[in-house]
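Residue numbers (full-length UniProt numbering): 1 to 151.
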């Protein structure tokens, strides 16, 4: 029998299950600072092995942080959800030692598709990048089986 949980507890259970198997986010030293239904906050410190030839954080690492944040936000409802596309604009460089924070919010969720906006800032709250992800839910496939949301 499924345990009946409120949406916040569901989001927390999904976070725990996903992060336990997320080798990419773990390997890059990402931390999940907050989770809520349709929202997530992740952070990552820029390491030396993330720098490009100009001594700034490679855009791929900024994108990966945003994409991971997007994944936790869009799966927080306990339905396996994948990216169907995204766009990112990097507006400022990040450097060695910077702590980047990505904050995702659910902009739209209708049927099996969603739109999520993610802002990436540094430790001085300066904007580094903006990311918009489009998601697609796989019908009938929970992230964590046996969870039921309280009505």
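A virtual CB, placed ideally from N, CA and C, is assigned to each residue, including glycine.
Alpha-carbon to alpha-carbon, residue j and residue i
i	j	result
residue 70	residue 94	20 angstroms
residue 83	residue 38	14 angstroms
residue 89	residue 129	5 angstroms
residue 144	residue 81	12 angstroms
residue 123	residue 97	10 angstroms
residue 107	residue 35	16 angstroms
residue 139	residue 127	35 angstroms
residue 11	residue 78	7 angstroms
residue 30	residue 40	12 angstroms
residue 146	residue 62	34 angstroms
residue 156	residue 20	With the chain covering 1 to 151 only, the question about residue 156 has no answer from this structure.
residue 237	residue 119	An answer regarding residue 237 cannot be provided, because it is not within the stretch 1 to 151 covered by the chain.
residue 22	residue 42	13 angstroms
residue 1	residue 7	Residue placement at residue 1 cannot be trusted, given a pLDDT of 47 that sits under 50; what the coordinates show is reported in the next sentence. In a straight line, the C-alpha of residue 1 is about 18 angstroms away from that of residue 7.
residue 109	residue 9	20 angstroms
residue 116	residue 47	27 angstroms
Identity of the residue in the options nearest residue i by Cα
i	options	result
residue 72	125, 62, 103	103
residue 142	108, 47, 92, 75	75
residue 86	67, 7, 122	67
residue 25	123, 34, 118, 44	44
residue 91	131, 137, 105, 48	131
residue 125	99, 109, 9, 117	99
Segment limits, alpha helix (DSSP H) that includes residue i
i	result
residue 85	Taken as a continuous stretch (DSSP letters only), residue 85 belongs to no alpha helix (DSSP H), being part of the beta strand (DSSP E) at 81-90.
residue 54	Careful: residue 54 lies outside any alpha helix (DSSP H) and carries neither H nor E.
residue 12	7-21
residue 68	59-75
Cβ pair residue i, residue j closer than 9 angstroms
i	j	result
residue 114	residue 134	yes
residue 28	residue 5	no
residue 101	residue 33	yes
Endpoints, beta strand (DSSP E) assigned at residue i
i	result
residue 99	99-110
residue 44	39-45
Is there contact between the segment 7-18 and the segment 47-66, where contact requires at least three CB pairs shorter than 8 angstroms? Contact fails: fewer than three Cβ-Cβ distances are below 8 angstroms.
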